[in-house]
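Scroll down for the structure; my scribbles are underneath it.
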Amino acid sequence: MAVSPKISTKKELNLEKNKMTCEHPENPKILNKENLDDQNTEEKLPMSVLPKDEPKKTFLEIVCPYCAGANFVKRGTRKKKNETVQLYLCHDCKKTFTPGASKGKHYPMGVILDAMSLYYLGYSLEEAASRCRSYTDVVSEGQITASTLAAWIEQYKPLCAYARMRQFAVKMMSAKEVLSSATLAHRQLYRFRHHRAKTILIIEEDWKHSRFWPLKDFLDLVPVECPHQYFSEGMRASEAPITFSKTEMIVRGKNNFANKMAKFVLESVEQSKDRHDALQRFMLANDSVTVATEVPVYIRREDLLHMKTQLGFKLYKKSKFQNPNVKSNPKSKIQNEELKNKKEKDLEEFSADDLPRLITGHIDFVQVRNGQIHILDYKPNAAKERPIEQLTIYALALSRLTGLKVFNFKCAWFDEKDYFEFYPLHVVYKPDRRRRRNKITTIEGSYPINENPKRVEKIRPTAEICPTF
């Protein structure tokens with residue numbers, strides 16, 4: 001009987017552990033992309049791709065270069081010639097290291113990402129390098145050349161799923177026509193961007209996306225037909241007095257490619273206020289599913305009334321059941337909890353006259369993948385956030401503006417660590433039928449169906465499903 005070689009060093013043990021976490025024995029075709037179904041990819045029109053290898057550890061997966069361990073924390077920064085990079089302390093070997101993505105780079109990561117984005121928008125290597133030199137004030141040894149940019153593109157190729165689409169996009173339209181953008185002065189400045197070529201390619205590539213042409217038509221008309229007066233009069237979706245019943249639904253907590261991309265891009269951002277814009281620009285130009293950012297949407301009272309009366313959607317009023325005077329009294333803590341639980345069960349529905357006149361908002365990311373339109377919102381500390389009302393209103397508004405069913409939409413919020421998603425149709429529509437099961441089993445684990453109408457109790461799987469080796 002063959003005996004496996006003994007793993008002698010700790011680094012070899014960590015490397016073997018990292019290799020096992022990357023492999024998918026049950027489905028070896030799983031790739032390190034954003035939920036792309038690569039089965040029968042060559043038969044999809046209008047493009048074909050080459051077969052891809054199994055996922056491997058890349059710069060997206062930060063590991064200690066000394067012991068290959070993943071048990072590390074942030075430990076200060078290091079000042080380089082043109083930028084400041086993050087340092088990490090490994091708890092296994094007690095050594096400090098720099099991530100491989102920024103190690104040995106003469107240029108700041110922000111400049112590298114901008115140059116790559118220009119290339120994937122349709123500019124040639126020489127044009128992208130020239131444009132990047134024209135608007136950057138980085139003083140470094142030498143200048144950005146086409147060969148340097150080509151080396152960056154090859155190194156960060158696992159990050160850019162749009163690479164397979166670029167050759168078709170450049171034949172469709174010029175680089176200046178690929179991106180449609182507009183600055184919207186809606187109480188504050190929002191930069192709307194729409195990747196026209198990517199939208200067309202995604203819709204034409206898969207028959208499941210063929211019904212999303214109204215979305216493309218809506219995005220094309222935003223710069224010229226957006227009713228700007230609505231956004232100065234209406235209330236924001238995050239402040240709307242509408243709530244929904246959280247029963248008969250689940251929120252899935254998982255990790256996908258958006259988390260890795262956010263973690264990689266945000267390391268190049270120096271100020272917190274620039275996080276949204278940096279992530280939006282990079283994902284729009286480099287991934288294969290994001291079609292628009294900062295999309296303005298609105299929904300009127302007539303639309304909400306139609307959904308309530310004709311479609312049977314449930315809209316409730318927000319109410320504050322917690323009394324601040326009782327909170328400080330320790331003797332009434334039990335009574336306060338009983339009052340809270342009692343009032344959680346009672347939700348007051350909106351009447352026709354009480355519905356908000358106008359609700360507006362701006363969607364951070366709009367993606368088209370897996371036969372659905374995904375509405376994404378970047379939230380720092382996503383695990384502590386519950387923007388279910390805000391994202392559901394976004395889905396209802398975009399459904400009315402495009403004429404598509406709410407069934408076609410999926411909402412999610414994410415950060416560098418977590419990704420939480422849910423179906424807005426499950427939030428607003430509660431069919432009168434008996435529930436047959438108490439939990440939903442997914443690939444990452446089991447979720448109990450929520451029973452609290454006021455809030456979602458569980459956003460992470462309660463039982464992990466481990467693959468069999």
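1 is the number of the first residue of the sequence shown in this note's numbering; add one for each residue after it. We put the CB at the ideal spot given by N, CA and C, even for glycine. None of these values were measured; they are calculated from a predicted model.
Straight through space, the alpha carbons of His228 and Asp353 are spaced by roughly 25 Å. In the displayed model, Tyr88 falls within a strand according to three-state DSSP.
Val289 is positioned such that its CB atom lies no closer than 8 Å to that of Phe420. Excluding its 5 nearest sequence neighbours in each direction, Ala292 has C-beta neighbours in its own chain below 6 Å: His194, Leu219, Val366, listed in chain order. Within the same chain, and ignoring the five residues on either side of Ile373 in sequence, the residues whose Cβ sits closer than 6 Å to its Cβ are Asn408, Phe409. Here His91 has Gly69, Asn71, Phe72, Val73 as same chain residues with Cβ atoms under 8 Å from its own Cβ, once five neighbours each way along the sequence are excluded. Residue pairing from DSSP places Tyr316 in a beta bridge opposite Thr243, Glu349. With respect to the C-alpha of Val427, the residue from Thr145, Asp346, Ile242, Glu126 having the closest C-alpha is Ile242. For Asp377, the beta-bridge partners assigned by DSSP are Trp413.
Within a 10 Å sphere around the beta-carbon of Leu221 sit fewer than 16 other beta-carbons, which makes this residue exposed. Put simply, of Ala395, Leu201, Pro448 the residue whose alpha carbon is nearest the alpha carbon of Ala169 is Leu201. Fewer than three pairs of CB atoms, one per stretch, sit closer than 8 Å, so the region 267-287 makes no contact with the region 208-217. Remark: three or more beta-carbon pairs, one from each stretch, lie closer than 8 Å, so the region 354-361 and the region 295-310 are flagged as touching. Measuring C-alpha to C-alpha distances from Phe282 to each of Pro448, Lys430, Arg437, Tyr119 identifies Tyr119 as the nearest. If you look at Ile250, you'll find it isn't in any alpha helix (DSSP H); DSSP assigns it neither H nor E.
Rounded to the nearest whole angstrom, the CA to CA distance from Lys95 to Val85 is 16 Å. Bounds of the alpha helix (DSSP H) holding Phe231 are 230-233. Taking the CA atoms as reference points, Tyr429 sits about 47 Å from Tyr88. Separation of Glu270 and Ala382 (C-alpha to C-alpha, rounded to the nearest whole angstrom) is 20 Å.
If you look at Asp277, you'll find it isn't in any beta strand (DSSP E); it sits in the alpha helix (DSSP H) that goes 275-286. Note: Ser180 is bridge-paired with His194 in the DSSP secondary-structure output. For Val406, there is no enclosing alpha helix (DSSP H), since its DSSP letter is neither H nor E.
Within the same chain, Cβ atoms closer than 7 Å to the Cβ of Met165 are found at Met47, Lys198, Leu201, Ser288, the five residues on either side in sequence being excluded. Residue pairing for Ile363: DSSP places it in a beta bridge opposite Val295. Nearest to Lys263 by C-alpha distance, out of Pro461, Tyr378, Phe192, is Tyr378.
Shown here, Arg166 sits in a helix according to DSSP, grouped into three states. Tyr107 and Ile144 have their C-alpha atoms some 9 Å from each other. When the five nearest sequence neighbours on each side are left out, the beta carbons in the same chain lying within less than 8 Å of the beta carbon of Ala115 are those of Ala128, Ala129, Cys132, Ile144, Leu149, Trp152, in order along the chain.
With a beta-carbon spacing of about 6 Å, Pro424 and Val406 fall inside the 8 Å limit used to define contacts.
Taking 8 Å as the cut-off, the beta carbon of Phe192 is found closer than this to the beta carbon of Leu184. Under the three-state reduction of DSSP, Ala161 is assigned to coil, being neither helix nor strand. Nearest C-alpha to Glu451 among Lys439, Pro461, Asn255, Arg75: Lys439. Pro380 sits close to Asp415, with the two beta carbons spaced by under 8 Å. DSSP places Ile153 within a helical segment (H, G or I) once states are collapsed to three. Here Glu348 is not near Lys314, since their CB atoms are 8 Å or more apart.
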